[in-house]
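Residue numbers (the working numbering): 254 to 578.
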């Protein structure tokens, strides 16, 4: 009787092999035909910021390089943490991707409970870098960085900087700037660059510690005092670097694309290739560089080493700024 029960529920070896073979074949077939429908592209910030802008530029290229459209959606909150904490609950079928940023996804879980851990995220490509910059409204009394620094030294805490989220690249840039020049300023975190820039243009804050790319969309409404790149940006040739002004400050944010951890390996690789193809399209390159973005080329195969190097770097930054012991 017991033996019959086992026989009833155990498939013959040949049948089991057949089913496994069929499953493997369907997986390969799915990968070969991927993508076959629109891809949802979630931005973890408000509309109007750098993540949104670069995704819009990519969106215009998706059909050309993947054969399908990309549909952009927004899930703002907690400097991106609201979206990143939910990424792995999404089905990993390759049809939902999410914008991802460094240092946000490294610093946030390092200094507080953020709902996710760095190693739980699965970035498949980092496609650009945006250096920080200090902006003031066009009608500001501050025409040069040294004037802002002098005022900040004479008025500790009175200078307010608008930026994108707490423990973000903007926040780290502001805190590092304070240490390097010996001032105390106040950082005001917003849910994204869009709201931060709106507050700045409305003179609700003294200045903005934002990304240099914001200068392209702001036009003559803002004045950029300095940029934290190694060299002057082609899009803003008249703006000096911090280094030129005697402040050893270089930094900003990397932006990329991530997928849920349940996404199959072959789909991850294919998605990485699609983003890479877009990143190397001459029209896309021109559009990005004209808007102050610095293109990078970190694909899925090189991701682990890239993340580990950044974790080491930002652990040192967090200790320097007193965010961790």
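Beta carbons are placed, not taken as given, at the ideal position from N, Cα and C, and that holds for glycine. Values in this document were obtained by computation on a predicted structure and should not be read as measured data.
query = Measuring CA to CA, which of 453, 378, 433 and 382 is closest to residue 415?
reply = Among 453, 378, 433 and 382, the Cα nearest to that of residue 415 is on 453.
inquiry  = Rounding to the nearest angstrom, what Cα-Cα distance links residue 282 and residue 515 in this structure?
reply    = Below a pLDDT of 50, predicted positions are generally treated as unreliable, and residue 282, at 44, falls in that range; no measurement from the model is reported.
inquiry  = Applying the 10 Å Cβ sphere with the 16-neighbour rule, what's the burial state of residue 491?
reply    = Counting every other CB atom within 10 Å of its CB across the protein chains shown gives residue 491 a total below 16, marking it as exposed.
Same chain, Cβ closer than 6 Å to residue 273, five either side skipped, listed in chain order = Unreliable positioning characterises residue 273 in this predicted model, as indicated by a pLDDT of 43, which lies under 50. A coordinate reading is not provided.
task = Below 8 Å on the Cβ atoms is my guess for residue 305 versus residue 315; work out the distance and round it to an integer in Å.
result = A Cβ-Cβ separation of about 15 Å leaves residue 305 out of contact with residue 315 under the 8 Å criterion.
message = Please state whether the Cβ-Cβ distance between residue 408 and residue 470 is less than 9 Å.
response = It is not a contact, given that the beta carbons lie outside the stated cut-off.
message = With the cut-off set at 9 Å, would you say residue 201 and residue 465 are in Cβ contact?
response = What the structure shows of the chain is the stretch from 254 to 578, and residue 201 is not part of that stretch, so it cannot be assessed.
Unbroken beta strand (DSSP E) run spanning residue 326, endpoints = Its beta strand (DSSP E) spans residues 323 to 327.
task = Provide the residue(s) that pair with residue 612 in DSSP beta bridges, ordered along the chain.
result = As shown, the chain starts at 254 and ends at 578. That puts residue 612 outside it, with no answer to give.
task = Check residue 355 in the structure and name its three-state DSSP category.
result = Looking at residue 355 - three-state DSSP - the assignment turns out to be strand.
task = Tell me whether residue 391 is buried or exposed, calling it buried when 16 or more other Cβ atoms sit within 10 Å of its Cβ.
result = Counting every other CB atom within 10 Å of its CB across the protein chains shown gives residue 391 a total below 16, marking it as exposed.
ask   = Are the C-beta atoms of residue 542 and some chain D residue less than 9 Å apart?
value = Looking for chain D here will not work: only one protein chain is present.
request  = Just tell me which of 480, 329, 403 and 508 has its CA closest to the CA of residue 496.
outcome  = The candidate whose alpha carbon is nearest that of residue 496 is 480.
inquiry  = What does DSSP give as the partner residue(s) for residue 476 in the beta ladder?
reply    = For residue 476, which the question treats as bridged, DSSP gives the partners 389.
ask   = Can you tell me whether DSSP reads residue 551 as helix, strand or coil?
value = If DSSP states are grouped into helix, strand and coil, residue 551 belongs with the strands.
task = Drop a sphere of 10 angstroms on the beta-carbon of residue 322, count the other beta-carbons inside from all chains shown, and report buried for 16 or more, exposed for fewer.
result = So residue 322 ends up on the exposed side.
query = In terms of DSSP beta bridges, what is residue 382 paired with?
reply = DSSP output for residue 382 lists 507 and 547 as bridge partner(s).
query = By how many angstroms is the C-alpha of residue 424 removed from the C-alpha of residue 440?
reply = A straight line joining the alpha-carbon of residue 440 with that of residue 424 spans about 7 Å.
task = Report the rounded CA-to-CA distance for residue 542 versus residue 518, giving the unit in angstroms.
result = The straight-line gap from Cα to Cα measures roughly 31 Å.
ask   = Should residue 372 go down as buried or exposed, given a rule of 16 or more other Cβ atoms within 10 Å for buried?
value = The residue is exposed, with fewer than 16 neighbouring Cβ atoms inside 10 Å.
inquiry  = Measuring straight from C-alpha to C-alpha, what distance separates residue 332 and residue 536?
reply    = For residue 332 and residue 536, the distance between alpha carbons rounds to 30 Å.
key: residue 275 classed as buried or exposed, judged by whether at least 16 other C-beta atoms fall within 10 angstroms   = Reliability of the predicted coordinates at residue 275 is poor, the pLDDT of 48 falling under 50, and the value obtained from them is presented with this limitation in mind. Classification for residue 275: exposed.
task = To the nearest angstrom, report how far apart residue 292 and residue 463 are at their CA atoms.
result = Using only the alpha carbons, I get a separation of about 29 Å.
query = Could you give the distance in angstroms between the alpha-carbon of residue 329 and the alpha-carbon of residue 313?
reply = Whole-angstrom Cα-Cα distance: 22 Å.
ask   = For the beta strand (DSSP E) that contains residue 293, what are its first and last residues?
value = Going by DSSP, residue 293 is part of the beta strand (DSSP E) stretching over 292 to 296.
Proximal residues to residue 279 (C-beta, below 7 Å), its chain only, five neighbours per side dropped = With a pLDDT of 42 at residue 279, under the threshold of 50, the modelled position of that residue is not reliable, and no figure is offered here.
key: Sub-9 Å separation of residue 549 and residue 379 beta-carbons   = For residue 549 and residue 379, yes; Cβs fall inside 9 Å.
inquiry  = Taking its Cβ as the centre, do 16 or more other Cβ atoms sit within 10 Å of residue 401, making it buried, or is it exposed?
reply    = Per the 10 Å Cβ criterion, buried.
ask   = Excluding sequence positions up to five away, which residues of its chain have a Cβ less than 8 Å from the Cβ of residue 435?
value = Around residue 435: 406.
request  = Measure the CB-CB distance between residue 389 and residue 476 and report whether it falls below 9 Å.
outcome  = With contacts defined as CB atoms closer than 9 Å, residue 389 and residue 476 qualify as a contacting pair.
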